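Accompanying notes for the structure given below.
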Amino acid sequence: MRKIFTFFITVLLSGNAFSQSWVSMPQPFAPNRSLDVLSLNSADNFWAYSSNTPKQFAITTDGGSNWTMGNTNDITATYGQYNWNVSALTSVNETTAWVLTLHGSNLYDVWKTSDGGNTWLHQLNLAPGGASILYFFNSDTGIAIGNPVGFNYRYRIYRTVDGGATWSLLPDSSSPHTTGLARPWISFVDGVFYFIEEYFLAGAGFRQRIIKSTDLGITWSALPASFPGRQCLMAWSDTNKAVLVDQTQLSGYPTMQMHRTTDGGQTWSAIPFSGLPLSWITDISYVPGTDILLATGQYYGNDPNAHGSWISTDNGNTWNAIDPNVRHSFLRCYSVGICYSGGFNVATNTAMLFKMNLAGLNTLEVNSTLVGIHPNPTSGELNIVSKNNIKSTALVDLTGKLVIKGISKKMDISFLPKGVYVLTIQFEDGSAVTEKVIKK
């Protein structure tokens, strides 16, 4: 993949290797409330969740300038005011979202709203055993992953293709054998879904590895590498390039290490990074399709040197501080160069939301290989407009079945039944995009 971020010598000579900064956005929640989760649908539309009682949702369609509040009355009426929390939030637009709730003694349910969080409908009860992953790829297809129970060393993976109205438990053969637990660190990039699992290996202690699905959750496989410790973070730029942060807060373990892959996770090499002087971080994220990484420091604690955020423009080799002594938490970045971070202002006891527009930098060229797919919806021919040469195309239905494979910028789908399909386009430069196609 070509280099898409370049330093200007004038920036370096100014003594400030990174001139862009976070902008504080209007807060969706009142003081003394948390901002725990952000579900990003586009650069402007996303959902926020606050776990304080009474629990609240907020939705923005203009990048965080204005917010519409949602409630949890239906969920609270079922569980009570205090006896539940949200383990995962996933959304597809400003009206439709799902939550994975934890209640009682390790019990998990899936709920859906179709009206911006005003009302919620119970959809799925996961058997006891723990769960932390719920994700919808589009308005129809989603997955919920429960941990193995008893001596059945397979994940309990539920899948829906009708927006959660019905769910199917996939057969054990769909996922690899495991003695571990699924962790809530996930990534969905260019049609591939990844999550991190933690497992115990006799003689080696706790290990972490990455599990992936290339067909919207139908089948799963484990990447060959594993890493020591009990907490790993990952960031994927595309399906080839990723960074994994191996870290732990327990004594007796090494300090933070970074590893990079350029072959989809088949092999990893250590990154001799500089400029990020921490033993662990809270989150890390690529700007999709670029060489740019953002990392947030330690949210808790009283060490001011551990707070803040950092940027790398060379895939994690060198890092520069953005805002020392500012408390940040999660990171979310969109492909057009818009990034968000949660945070906290100790002086005002207020949760913060920060926004950064990296696309505004003269030094950033956002990777935009796809110009458009038209007509969409279509009753017959589909045209792909792109600046790059196409290596291959693959169209699958919502069950994950491959229905068309080709190499052309034109595709005839007139023979297919009406419905929703997923088109993945692989380009010759190594990049890829995934788009929803509607056959009318």
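According to mature numbering (1 follows the signal peptide of the UniProt record, and there is no 0), the residues represented by the sequence shown are -19 to -1, 1 to 421, in order. Using N, Cα and C, we set each Cβ at its ideal position, and we do this for glycine too. As the structure is a prediction and not an experimental result, all values here were calculated from the model.
The beta carbon of L404 lies closer than 6 Å to those of L376, E416, V418 in the same chain, with the five residues before and after it left out.
Between S32 and D17, the C-beta spacing is below 7 Å. Rounded to whole angstroms, the gap between the alpha carbons of F254 and N298 is 4 Å.
Looking only at V366, P398, T57, the smallest Cα-Cα distance to F408 is reached by V366. With fewer than 16 other CB atoms across the displayed protein chains lying within 10 angstroms of its CB, V327 is exposed. By the 16-neighbour rule on beta-carbons within 10 angstroms, G61 is exposed. Looking at the DSSP output, Y136 bridges to nothing. In terms of CA proximity to G289, Q279 leads the group Q279, K420, L204.
Shortest Cα-Cα distance from D272 to any of K372, G323, W217 involves W217. For S156, same chain residues with a beta-carbon under 7 Å away, outside a window of 5 residues either side, are R135, Y136, I138, W201 in chain order. At a Cβ-Cβ threshold of 7 Å, C314 and V268 count as neighbours. Taking the Cβ atoms as the reference, T49 lies roughly 7 Å from A39, within the contact range of under 8 Å.
By the neighbour-count criterion, in which a residue is buried when 16 or more other Cβ atoms sit within 10 angstroms of its Cβ, L81 is buried. The C-alpha of N301 lies about 5 Å from the C-alpha of W291. Taking the CA atoms as reference points, N330 sits about 14 Å from G323. If the five residues before and after L257 are omitted, its C-beta is found closer than 6 Å to the C-beta atoms of W291, W300, all from its own chain and listed in chain order. Per DSSP, the beta-bridge partners of P209 are R188. Rounded to whole angstroms, the gap between the alpha carbons of G246 and D219 is 11 Å. Around N221, the same chain offers T243, D244, G245, G411 as residues with beta carbons nearer than 7 Å, after the five sequence neighbours per side are excluded. One Cα belongs to V173, the other to D196, and the distance between them is close to 7 Å. Here the segment 161 to 175 does not lie against the segment 140 to 147, with fewer than 3 beta-carbon pairs under 8 Å apart. Between F117 and G123, the C-beta gap is smaller than 7 Å, which places the two residues in contact.
Taking the Cα positions, Q37 is about 45 Å away from K390. Remark: C-beta atoms of A223 and L259 do not approach each other more closely than 7 Å. Following the DSSP letters along the chain, one finds I56 in no beta strand (DSSP E) but inside the alpha helix (DSSP H) bounded by residues 54 to 60. DSSP places R313 inside the beta strand (DSSP E), whose first and last residues are 308 to 314. Taking a C-beta distance under 7 Å as the contact criterion, F311 and D264 qualify as a contact pair. Per DSSP, reduced to three states, the secondary structure at S202 is strand. The bridge partners DSSP lists for I114 are I126. In terms of Cα proximity to I56, the closest of H103, L88, F176 is H103.
A check of alpha carbon separations from L21 across D90, T76, S15 identifies T76 as the nearest. Non-local C-beta neighbours of V91 in its own chain, meaning closer than 7 Å and more than five positions away in sequence, comprise W79, L81, Q104, L105, L115, A125, G145, ordered along the chain.
Rounded to the nearest whole angstrom, the CA to CA distance from F187 to F169 is 25 Å.
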